[in-house]
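Protein chains in written order, with our numbering: chain D, 952 to 1167; chain L, 952 to 1167. By construction, the Cβ of each residue, glycine as well, lies at the ideal position given by its N, Cα and C atoms. What follows is a set of notes on a single structure, which appears directly below.
2 protein chains.
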Amino acid sequence: MIPSENRLAEEYGVALATMRMALKQLVDEGLLDRRRGTGTFVKQPAFRADLFRFFHVHDVDDPDIPVIPESRILSCQEVPLPPEVQKAFGADSASHCIKLERVRLWSGEPMLFEEVYLRLPDFEELLSLNLKTMGPLLYPVFLEKFGILISSATDELSFGIATETSAKQLELASEAPVAVIQRIARNPAGRVIEFRRVHGRPERFRYRVTLGDQPA
Amino acid sequence: MIPSENRLAEEYGVALATMRMALKQLVDEGLLDRRRGTGTFVKQPAFRADLFRFFHVHDVDDPDIPVIPESRILSCQEVPLPPEVQKAFGADSASHCIKLERVRLWSGEPMLFEEVYLRLPDFEELLSLNLKTMGPLLYPVFLEKFGILISSATDELSFGIATETSAKQLELASEAPVAVIQRIARNPAGRVIEFRRVHGRPERFRYRVTLGDQPA
DNA sequence: GTCAACCAGTTCTCTAGAGAACTAGACTTA
DNA sequence: TAAGTCTAGTTCTCTAGAGAACTGGTTGAC
């Protein structure tokens, strides 16, 4: 809970209405939560709900329970920038980047194989970080360890065939059909922070997204 | 362009600041556009950009050009409510609904087969409407003919196999693999207006979505 | 012990206005 | 003609405050 609008206005030497406008803006941005008669509270960053709600693998039997799949990191190393990543990062990118490979499992079965590309030198420290200690979600790590907030992402879904690596990790036959998700994630300034390519086992794959005004 | 905030406040007998707050809210809802030094203008409903941006079939050669596929309506009739539609519409639904079938083509090739379920009696008039005169997009028709605004939608993508009908319309072999999109669309009050099931040819299928703050 | 009444603290809505910032068009001048 | 200047009209930001609406806790009556 933060101080009341009265106190804040006094403290910062602005009029009450001005402080109220400022607070309202922060509410609109999803950073604060105000309750009449109670007070103003800081909110968890909204991307947790916004970006992961749809990226869950849903149980086929009960599709309303979203699950965050377990994460198993395979590798994390510096590689030259692949051309499609170069295109996403833009001209101001370095010539190398970090490539992180991981498998996401659900009930012990591999569901998704992810290749995550991250900017250098921004994420240089990631190479020396203990990957075992990371949780299953990357964006909270970005925020806590690097101070980088992911505020928007564009996903593109299509169908493709497995690569040698993804087939192996997903326990599929070589060149089996897979779901392909390509994600470009940005910070609030619109700078592309992450390029991600995901291959998923098609038979249990389910991707959910809600656009527009979220109904209460 | 609508009258200035001064005039409106006077006309409605409220204070200037109050009218400003009201106008700001309409701007936030995407209904108005204000330009300092110029005036306030009514905006085209935002869903046009929000909901259709991602629902485009992108050219494989040039994925940055979105295309609205041509629409060919096959049928439009009253049918008993299928159970999954019943679940989406909720308990207050009538026992029957409108089912609209159509194919969406691109460069003459069928890309998507859609089954659209709409509430009765809300859309009763649709049965007597000349379907030939409708454009390729349904939501503008909902707004203009029925005064119903679609403001949010939840899409769920998965993989499945073609039904007899969808295989025929998409010119695929029976039980061929297809992309499946299930959409639930709502009005601003959160009432479910539309249930839609789409089958798509997998090989050129591409679905793009951006969540979070849209970068300028 | 239970329930109702009260109260201090908070946000919400609205009033009344001043001055800055900006725009589009009309006007002036070289 | 072309470029700069002015001006009326507009939105934007901020001040100063009153009263309503609501919440969570305390007090008091039974």
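For residue i, report the span of its beta strand (DSSP E) as first-last.
i	result
residue 1050 (chain L)	1047–1057
residue 952 (chain L)	No beta strand (DSSP E) contains residue 952 (chain L), which DSSP labels as neither H nor E.
residue 1061 (chain L)	1060–1070
residue 1106 (chain D)	1103–1112
residue 1043 (chain L)	Where residue 1043 (chain L) is concerned, there is no enclosing beta strand (DSSP E), given that its DSSP letter is neither H nor E.
residue 991 (chain D)	990–993
residue 984 (chain L)	983–986
residue 1145 (chain L)	1143–1151
residue 1076 (chain L)	Taken as a continuous stretch (DSSP letters only), residue 1076 (chain L) belongs to no beta strand (DSSP E), as it is neither H nor E.
residue 1021 (chain D)	1021–1031
residue 1134 (chain D)	1128–1137
Relative to the alpha-carbon of residue i, which residue among the options has its alpha-carbon at the smallest distance?
i	options	result
residue 1048 (chain L)	L:1076, L:1022, L:1061, L:1057	L:1076
residue 1072 (chain L)	L:1128, L:1086, L:1126, L:1145	L:1145
residue 1066 (chain D)	D:1079, D:1092, D:1041, D:1131	D:1131
residue 1038 (chain L)	L:1142, L:1159, L:1157	L:1142
residue 1111 (chain L)	D:1069, D:1096, D:1155, D:1084	D:1155
residue 1229 (chain L)	L:1128, L:1105, L:1102	Look at the range of chain L in this structure, 952 to 1167, and you will see that residue 1229 (chain L) is not part of it.
residue 1032 (chain D)	D:1133, D:1081, D:1062, D:1068	D:1068
residue 1022 (chain L)	L:1138, L:952, L:1083	L:1083
residue 1117 (chain D)	D:1157, D:1061, D:1080	D:1061
residue 1104 (chain D)	D:1087, D:980, D:1133, D:984	D:1133
residue 1059 (chain D)	D:1095, D:1020, D:1041, D:1091	D:1020
residue 990 (chain L)	L:1109, L:955, L:966	L:955
residue 915 (chain L)	L:1040, L:952, L:965	This structure cannot settle anything about residue 915 (chain L), because the visible part of chain L is limited to 952 through 1167.
residue 1063 (chain L)	L:1147, L:1085, L:992	L:1147
residue 1107 (chain L)	D:977, D:1159, D:986	D:1159
residue 967 (chain L)	L:986, L:957, L:1100	L:957
residue 1070 (chain D)	D:1088, D:1135, D:1057, D:963	D:1135
residue 1074 (chain L)	L:1087, L:1034, L:1092, L:1057	L:1092
residue 1102 (chain L)	L:959, L:960, L:993, L:982	L:982
In chain D, which residues lie with their C-beta within 9 Å of the C-beta of residue i?
i	result
residue 1108 (chain L)	1108, 1130, 1156, 1157, 1158, 1159, 1160
residue 991 (chain L)	Residues of chain D passing the Cβ test: none, with the nearest at roughly 19 Å.
residue 1084 (chain L)	Here the premise fails: no neighbours, minimum Cβ distance about 27 Å.
Hey, could you find the ends of the alpha helix (DSSP H) residue i is sitting in?
i	result
residue 1095 (chain D)	1090–1097
residue 979 (chain L)	967–979
residue 1115 (chain L)	1115–1120
residue 1039 (chain L)	1034–1040
Could you work out which residues of chain L lie near residue i, taking near to mean beta carbons separated by less than 8 Å?
i	result
residue 1114 (chain D)	Here the premise fails: no neighbours, minimum Cβ distance about 18 Å.
Going along chain D in order, which residues have a C-beta closer than 7 Å to the C-beta of residue i?
i	result
residue 969 (chain L)	Result: empty, since nearest Cβ-Cβ is about 12 Å, beyond 7 Å.
Inset, instruction - Below 8 Å between beta carbons is the criterion; list the residues of the stretch 1125–1156 of chain D that meet it against any residue of chain L, in chain order. - result: Within the stretch 1125–1156 of chain D, the residues whose Cβ lies closer than 8 Å to some Cβ of chain L are 1128, 1130, 1137, 1139, 1140, 1141, 1153, 1154, 1156, listed in chain order.
Inset, instruction - Give a yes or no on contact between the stretch 1021–1030 of chain L and the stretch 1053–1065 of chain L, applying the rule of three or more CB pairs nearer than 8 Å. - result: Touching, yes, given that three or more Cβ pairs across the two stretches are closer than 8 Å.
Inset, instruction - Determine contact between the stretch 1143–1159 of chain D and the stretch 1117–1125 of chain D, defined as no fewer than three beta-carbon pairs at a distance below 8 Å. - result: At 8 Å Cβ cutoff, the stretches touch.
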